[in-house]
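Heads up: the sequence shown begins at 6 in UniProt numbering, then just goes up one per residue.
Built from N, CA and C at the ideal position, the CB exists for glycine as well.
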Amino acid sequence: EQPLLSVEDLTVTFPTKRGPVRAVDSLSFTVHRGQTLGIVGESGSGKSVTSLAVMGLHTGAEVTGSIALDGRELTGLPERELGRLRGRRMAMIFQDPLSSLHPYYTVGEQIAEHHRVHFGSRRAAARKRAVEMLGEVGIPEPARRVGEYPHQFSGGMRQRVMIAMALACEPELLIADEPTTALDVTVQAQILELIARLQEERGLAVVMITHDLGVVARVARDVLVMYGGRAAEQAPVDALFAGPAHPYTRGLLDSLPRLDDTDDAPLRAIPGSPPSLLTPSPGCAFAPRCPRAAAASTDEQGRCEGTRPELVPSNGHLVACHLSLHTAAHARGGTR
Ligand code: SF4
Ligand code: MG
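See the structure below:
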């Protein structure tokens, strides 16, 4: 089966006064209908830039490589064509719905307008569709609330409105960029449940962009971990949690809060800061922070710092690391 979304060798470069910044470097992945791919990384890892590139919203950047939606190449399409695809075949939701919703129009008007633009539907039909969509995303009393303004909704309800707007034209691909980051834990869980339900009911393909592996564990089947604009590791969720191959993935897993933490044990963040994209190292971008490299021999360290690791298969994962934890585990005769 042809993937719905196929990204190949995507590179996104921003010209800056201090030189070109390569925000995404040679990234490849696919998403099938009904599949959720989680893309995980810190801020600056290139995950948001990737999603904007897919949507054709990479203003000012140079984009090379291929982005194909249902076999159709999107890179190089004129804005008019892309505008037709956005909303209609692919849609995006963001962390902050207020910035995407217009304050002076009711939520019903905004959903209806979206529908009218893409389908040329009449006013009454578009309004009916808006009420239906608000109901479908779990907003109580949709017939009344359709006439309210964005500020009259709570944060969680506003994100539901955004999802209703995104799905009003039945897109096949939904890109969700940190959709729950601004919400409290309970509401976060409800929104993730909603996305999972809509995905199942509609056979949607979802790309869930997040800095939080916990979010990925709840909704995604496959994970792509990004670091410094590149893929560090890709694997099915279960395999990734059971045995990460990349030291950075291990660090992310170790910094997740655990259910068995009874006291207020501090979270273990990964020490150090994200790499400079302006002056990238010729070797592995994670090297300055990598505990595995720090414990390695001088020869191995030289390779980490001098040669960029390619993404290669390892035990059902893809991993870009000269000293994959899988290899280490095998050498020791265990998986952990
Ligand atoms: Fe660490 Fe080296 Fe692997 Fe990079 S290649 S993640 S520095 S062990
Ligand atoms: Mg971001």
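Starting from the C-beta of Tyr-253, find all residues in its chain whose C-beta is less than 6 Å away, skip the five residues before and the five after it, and write them out in chain order. What you label residue 253 is simply residue 248 of the sequence shown in a count that begins at 1. So the qualifying residues of the chain are Tyr-232, Ala-237, Phe-291.
Through-space distance from Glu-315 to Asp-304, alpha-carbon basis: Counting from one through the sequence shown, the residue named residue 304 turns up at place 299. Counting from one through the sequence shown, the residue named residue 315 turns up at place 310. For Asp-304 and Glu-315, the distance between alpha carbons rounds to 18 Å.
According to DSSP, residues forming a beta bridge with Ile-214: Position 209 of the sequence shown, counted from the start, is the residue given in the question as residue 214. Partner(s): Ile-44, Asp-182.
Among Gly-140, Ala-96, His-107, Gly-234, which residue has its Cα nearest to the Cα of Glu-175? Residue numbering aside, residue 175 sits at position 170 when the sequence shown is read from its first letter. The residue with the shortest Cα to Cα distance from Glu-175 is Ala-96.
Check whether the region 162-181 touches the region 134-149, taking contact to mean three or more Cβ pairs, one atom from each stretch, closer than 8 Å. yes
Starting from Tyr-232, trace the beta strand (DSSP E) both ways and give me its first and last residue. Here residue 232 refers to the residue found at position 227 when the sequence shown is read from its first residue. Start and end: 227-232.
Closer than 7 Å: is that where the CB of Leu-327 sits relative to any heavy atom of the ligand SF4? Taking the first residue of the sequence shown as position 1, residue 327 is located at position 322. Note on identity: in this sequence residue 327 is His, with Leu being the wrong assignment. His-327 Cβ: within cutoff of the ligand SF4.
Relative to the ligand SF4, is the shortest distance from any of its heavy atoms to the C-beta of His-331 smaller than 7 Å? Here residue 331 is taken as the residue at index 326 of the sequence shown, counted from 1. No, the Cβ of His-331 stays beyond 7 Å of every heavy atom of the ligand SF4.
Decide yes or no for the touch test of the region 87-105 against the region 183-200: beta carbon pairs closer than 8 Å, at least 3 of them. yes
Under three-state DSSP, which class holds Val-224? Here residue 224 refers to the residue found at position 219 of the sequence shown. Correct three-state label for Val-224: helix.
Enumerate, from N- to C-terminal direction, the unbroken alpha helix (DSSP H) stretches of 4 or more residues contained entirely within the region 68-117. 84-90, 102-105
On the DSSP letters alone, give me the boundaries of the alpha helix (DSSP H) that Gly-311 sits inside. As a first step, residue 311 must be located in the sequence shown, where it is residue number 306. Unbroken alpha helix (DSSP H) run through Gly-311: 303-311.
Would DSSP call Leu-316 helix, strand or coil? For the purposes of this step, residue 316 is taken as the residue at position 311 of the sequence shown. Note: Leu-316 maps to coil in three-state DSSP.
Anyone know if the C-beta pair for Ser-31 and Arg-235 falls short of 8 Å? Numbered from 1 along the sequence shown, position 26 holds the residue referred to as residue 31. Numbered from 1 along the sequence shown, position 230 holds the residue referred to as residue 235. Yes; because the gap between Cβ atoms is below 8 Å, this pair is in contact.
Does DSSP put residue 2 in a helix, in a strand, or in coil? The structure shown does not extend to residue 2, since the chain spans only 6 to 341, so no value can be given for it.
Three CB pairs or more closer than 8 Å across the region 73-91 and the region 18-26: no
Environment of His-107 [buried if 16+ CB atoms lie within 10 Å]: Here residue 107 is taken as the residue at index 102 of the sequence shown, counted from 1. Result: exposed.
Short Cβ contact (8 Å threshold) for Ala-201 with Val-224: Here the question's residue 201 lines up with position 196 in the sequence shown. Here the question's residue 224 lines up with position 219 in the sequence shown. Their beta carbons are under 8 Å apart, which means Ala-201 touches Val-224 by this criterion.
Is any heavy atom in the ligand SF4 found nearer than 7 Å to the beta carbon of His-156? Counting from 1 along the sequence shown, the entry for residue 156 is found at position 151. Flag unset: Cβ of His-156 not near the ligand SF4.
Determine whether the beta carbon atoms of Arg-294 and Pro-276 lie at a separation below 8 Å. What you label residue 294 is simply residue 289 of the sequence shown in a count that begins at 1. What you label residue 276 is simply residue 271 of the sequence shown in a count that begins at 1. Closer than 8 Å, so yes.
Expressed to the nearest angstrom, what Euclidean distance is found between the alpha-carbon atoms of Val-317 and Ala-240? Here residue 317 refers to the residue found at position 312 when the sequence shown is read from its first residue. Here residue 240 refers to the residue found at position 235 when the sequence shown is read from its first residue. So the two alpha carbons sit approximately 12 Å from each other.
Select from Leu-42, Glu-205, Phe-246, Pro-147 the residue whose C-alpha is nearest the C-alpha of Val-211. Start at 1 with the first residue of the sequence shown, and residue 211 comes out as number 206. Checking every option, the nearest Cα to that of Val-211 belongs to Leu-42.
Glu-238 - containing beta strand (DSSP E), residue span: As a first step, residue 238 is located in the sequence shown; it is residue number 233 there, counting from the start. Start and end: 235-241.
Same chain, Cβ closer than 8 Å to Gly-321, neighbours up to 5 away in sequence not counted: Start at 1 with the first residue of the sequence shown, and residue 321 comes out as number 316. For Gly-321, where only same-chain residues beyond five positions count, the Cβ hits under 8 Å are Ala-240, Pro-241, Ala-244.
Close-in-space but distant-in-sequence residues of the same chain around Thr-18 (CB under 6 Å, 5 per side omitted): Counted from its first residue, the sequence shown places residue 18 at position 13. Hits under 6 Å: Pro-25, Arg-27, Glu-67.
Could you please give the first and the last residue of the uninterrupted alpha helix (DSSP H) stretch that includes Ser-56? Here residue 56 refers to the residue found at position 51 of the sequence shown. First-last of the alpha helix (DSSP H) with Ser-56: 52-60.
Is Phe-246 helix, strand or coil by DSSP? Stepping through the sequence shown from its first residue, residue 246 is reached at position 241. Phe-246: helix per DSSP, three-state reduction.
Length of the line joining the Cα atoms of Gln-195 and Met-213: Position 190 of the sequence shown, counted from the start, is the residue given in the question as residue 195. Position 208 of the sequence shown, counted from the start, is the residue given in the question as residue 213. If I take the Cα positions, the gap works out to 15 Å.
How long is the line joining the alpha carbons of Ile-116 and His-156, rounded to whole angstroms? For the purposes of this step, residue 116 is taken as residue 111 along the sequence shown, with counting starting at 1. For the purposes of this step, residue 156 is taken as residue 151 along the sequence shown, with counting starting at 1. The straight-line gap from Cα to Cα measures roughly 16 Å.
I'd like to confirm something about Arg-297: is its beta-carbon nearer than 7 Å to some heavy atom of the ligand SF4, or not? In the sequence shown, residue 297 corresponds to position 292, counting from 1. Under cutoff, so the answer is yes.
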